[in-house]
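Asker:
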Amino acid sequence: MRTTNSTCASWLAQARVAEQRLTAEQRGLLQAAFAFRQRCGDDYYSSRLLSHFLLHCASGLKVAQIARLVGFSRPTASHQQGVSSKEAIQAAHHRLAGRPHGKLLPRYAGPIAEFILTHADATRYDILDFIERTWGVRVSTVALHHFCKRFGLDRATRAEATAPRPNAGPLPAEPRSVALPPPSQSLPPPPFSPRGRNTRGRSC
Numbered sequence: 236m237r238t239t240n241s242t243c244a245s246w247l248a249q250a251r252v253a254e255q256r257l258t259a260e261q262r263g264l265l266q267a268a269f270a271f272r273q274r275c276g277d278d279y280y281s282s283r284l285l286s287h288f289l290l291h292c293a294s295g296l297k298v299a300q301i302a303r304l305v306g307f308s309r310p311t312a313s314h315q316q317g318v319s320s321k322e323a324i325q326a327a328h329h330r331l332a333g334r335p336h337g338k339l340l341p342r343y344a345g346p347i348a349e350f351i352l353t354h355a356d357a358t359r360y361d362i363l364d365f366i367e368r369t370w371g372v373r374v375s376t377v378a379l380h381h382f383c384k385r386f387g388l389d390r391a392t393r394a395e396a397t398a399p400r401p402n403a404g405p406l407p408a409e410p411r412s413v414a415l416p417p418p419s420q421s422l423p424p425p426p427f428s429p430r431g432r433n434t435r436g437r438s439c
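What follows is the structure, given as structure tokens:
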């Protein structure tokens, strides 16, 4: 499927990208992107791959410009900034796989927890693939998020559970023992203490 734009200039104008303000590198990059779009088409897969490349190739283009060039919304393109190449392909696959069906049952929590613990680098799409392979159930990422949060399997809960506990505080100091003299020795009088007067008794 080919795009309806006949020239790169009209493609840029449709996306409200001023060609005269582009650098020579940006102009060459967008000409190559236009050739890719003409060759591969403007279907979701091609647009997703092109947007992922433009968002991560340090082109200097604004996110809103890239969103208009590939036909995505500004929030969607902004969300894709933090997505890896693997997640981008997995998201495209799940997007085109059809509407999710089925539901997550409580008995799935144990196997899902085991999968998460044994696959530390697994993405949410890896977990969705595991669920579909194991039980033949296809669910959405939102349903998976709520399920993991309900059973304490979300990243925030797991990170809090594995975080080191802070110390409650310094231990109280042990009482220091005072050395007492042996019983045979008398205690010295306290300093600056007046001694008692020796009063002689009257002689008869």
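All letters in the sequence shown, in the order written, are residues 236 to 439 by the numbering used here.
Quick reminder that beta carbons are idealized off the backbone N, C-alpha and C, glycines included.
Because the structure is a prediction, the values reported are computed rather than measured.
(1) Quick one: residues in its chain with C-beta nearer than 6 Å to the C-beta of Ala-344, no 5 flanking neighbours on either side, listed in chain order?
(2) Whole alpha helix (DSSP H) runs in the segment 288 to 344 with 4 or more residues, listed along the chain?
(3) From Pro-335 to Trp-246, what does the alpha carbon distance come to, in whole angstroms?
(4) Would the beta-carbon of Ala-250 fall within 8 Å of that of Gln-316?
(5) What number of angstroms, rounded off, separates the C-alpha of Lys-338 from the C-alpha of Thr-376?
(6) Report yes or no: do three or more beta-carbon pairs, one from the segment 313 to 328 and one from the segment 261 to 272, lie closer than 8 Å?
(7) Which residue from Tyr-360, Cys-275, Ile-351, Arg-368 puts its Cα closest to that of Arg-330?
(8) Can you grab the Cα-Cα spacing for the pair Ala-244 / His-287, in whole Å?
(9) To which residues of the same chain is Cys-304 closer than 6 Å at the C-beta, ignoring the five residues directly before and after it?
(10) Alpha carbon to alpha carbon, how far is Phe-307 from Gln-325?
(11) I'd like to check one pair, Gly-295 with Gln-273: are the Cβ atoms closer than 8 Å?
(12) Looking at the secondary structure, which residues open and close the alpha helix (DSSP H) in which Asp-361 lies?
(13) Helix, strand or coil: how does DSSP classify Arg-251 here?
(14) To which residues of the same chain is Tyr-280 closer than 8 Å at the C-beta, ignoring the five residues directly before and after it?
(15) If we ignore side chains and look at the alpha-carbon of each, how far apart do His-314 and Leu-290 end up?
(16) First and last residue of the alpha helix (DSSP H) that includes His-354?
(17) Drop a sphere of 10 angstroms on the beta-carbon of Ala-302, count the other beta-carbons inside from all chains shown, and report buried for 16 or more, exposed for fewer.
(18) Under 8 Å by Cβ, that's how I've got Pro-399 and Thr-369 pegged, so tell me the actual separation to the nearest angstrom.
(19) Between the Cα of Phe-382 and the Cα atoms of Cys-292, Leu-340, Ala-253, which residue gives the shortest distance?
Answerer: Working from what's here:
(1) Residue mapping note: residue 344 aligns to position 109 of the sequence shown, counting from 1. Once the five neighbours on either side are set aside, the close Cβ partners of Ala-344 are Phe-386.
(2) Counting only unbroken stretches of 4 or more residues, the alpha helix (DSSP H) elements lying wholly within the segment 288 to 344 are 298 to 305, 309 to 314, 320 to 331, in sequence order.
(3) Position 100 of the sequence shown, counted from the first residue, corresponds to residue 335. Position 11 of the sequence shown, counted from the first residue, corresponds to residue 246. Using only the alpha carbons, I get a separation of about 35 Å.
(4) Locating residue 250 in the sequence shown gives position 15, counting from the first residue. Locating residue 316 in the sequence shown gives position 81, counting from the first residue. Result no, Cβ atoms of Ala-250 and Gln-316 do not sit closer than 8 Å.
(5) If you number the sequence shown from 1, residue 338 lands on position 103. If you number the sequence shown from 1, residue 376 lands on position 141. Rounded to the nearest angstrom, the two C-alpha atoms are 12 Å apart.
(6) At 8 Å Cβ cutoff, the stretches do not touch.
(7) To locate residue 330, count along the sequence shown from 1; it is residue 95. Comparing alpha-carbon positions, the option among Tyr-360, Cys-275, Ile-351, Arg-368 lying closest to Arg-330 turns out to be Tyr-360.
(8) Along the sequence shown, one-based indexing puts residue 244 at 9. Along the sequence shown, one-based indexing puts residue 287 at 52. Their Cα atoms are separated by approximately 22 Å.
(9) Here residue 304 is taken as the residue at index 69 of the sequence shown, counted from 1. According to the sequence shown, residue 304 is Leu rather than Cys. Cβ contact annotation for Leu-304 (same chain, cutoff 6 Å, sequence separation greater than five): Ala-250, in chain order.
(10) As a position in the sequence shown, residue 307 is number 72, starting the count at 1. As a position in the sequence shown, residue 325 is number 90, starting the count at 1. Taking the straight line joining both Cα atoms gives about 18 Å.
(11) Numbered from 1 along the sequence shown, position 38 holds the residue referred to as residue 273. Numbered from 1 along the sequence shown, position 60 holds the residue referred to as residue 295. The answer is no: Cβ separation not under 8 Å.
(12) The count along the sequence shown starts at 1 and reaches residue 361 at position 126. Run containing Asp-361: 359 to 370, per the alpha helix (DSSP H) assignment.
(13) For this step, residue 251 is matched to residue 16 along the sequence shown. Of the three classes helix, strand and coil, the one that applies to Arg-251 here is coil, per DSSP.
(14) In the sequence shown, the residue the question calls residue 280 occupies position 45. The residues are Ala-327, Leu-331.
(15) As a working mapping, residue 314 is identified with position 79 in the sequence shown. As a working mapping, residue 290 is identified with position 55 in the sequence shown. Taking the CA atoms as reference points, His-314 sits about 11 Å from Leu-290.
(16) Translated into positions along the sequence shown, residue 354 becomes position 119. Careful: His-354 lies outside any alpha helix (DSSP H) and carries neither H nor E.
(17) For the purposes of this step, residue 302 is taken as residue 67 along the sequence shown, with counting starting at 1. Here Ala-302 is buried, its C-beta having at least 16 other C-beta atoms within 10 Å.
(18) The residue given as residue 399 occupies position 164 in the sequence shown. The residue given as residue 369 occupies position 134 in the sequence shown. Pro-399 to Thr-369, Cβ: 34 Å. No contact.
(19) As a first step, residue 382 must be located in the sequence shown, where it is residue number 147. If you compare the alpha carbons of Cys-292, Leu-340, Ala-253 with that of Phe-382, the shortest gap goes to Leu-340.
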